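Residue numbers (our numbering): 1 to 165.
The beta-carbon is built from N, C-alpha and C at its ideal position, and this holds for glycine as well.
Keep in mind the model is a prediction, meaning the values are calculated, not measured.
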């Protein structure tokens, strides 16, 4: 009987942890954000053009990120970037929306870099993705070499202005 008590206590603590982590968005603020997500999903379903669809995807991604649904936010950001691959504001919105989740920024931006040509029309969006990745990597000392490598890649794809030479 001695070992039953710690087992029951740990099971109760685990159950309380699960209830806490899987709780629905509560309070007025959570309901407002959930309503914003639903509205963005409705706009996405009704979107006719590519720009309108990309804007609705961005709004849905920001709503998911604010609700703590990082996985859904990542998928919405990737879809938005594939819908409008040359858009710099989408990349910047994704970086600011996921600023507190460097792992999520890494997933989104590497997919962006893999899907978009680094030259031509996509160069500015690629540069924005490289900046966001470099910023995410520069937060931890063990990733500083990656941040420097991305900074070098950024220097290669963005032409220097006359004042910088």
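Rounded separation between residue i and residue j - CA only
i	j	result
residue 115	residue 127	14 Å
residue 83	residue 143	30 Å
residue 125	residue 86	5 Å
residue 156	residue 42	41 Å
residue 91	residue 105	10 Å
residue 117	residue 123	7 Å
residue 18	residue 7	16 Å
residue 9	residue 61	39 Å
Integer-rounded CB distance, given that residue j should sit under 8 Å from residue i
i	j	result
residue 64	residue 72	4 Å
residue 67	residue 98	At roughly 13 Å, the Cβ-Cβ gap does not stay under 8 Å, so residue 67 and residue 98 are not in contact.
residue 149	residue 138	The pair is not a contact, with the Cβ atoms about 11 Å apart (cut-off 8 Å).
Beta-carbon proximity of residue i to residue j, cut-off 8 Å
i	j	result
residue 112	residue 95	no
residue 56	residue 35	no
residue 151	residue 135	no
residue 58	residue 33	no
residue 140	residue 154	no
Nearest candidate by alpha-carbon position, reference residue i, set the options
i	options	result
residue 30	69, 58, 45, 122	69
residue 89	107, 6, 74, 51	51
residue 78	120, 110, 158	110
residue 81	100, 108, 102, 101	108
residue 44	141, 76, 21, 15	76
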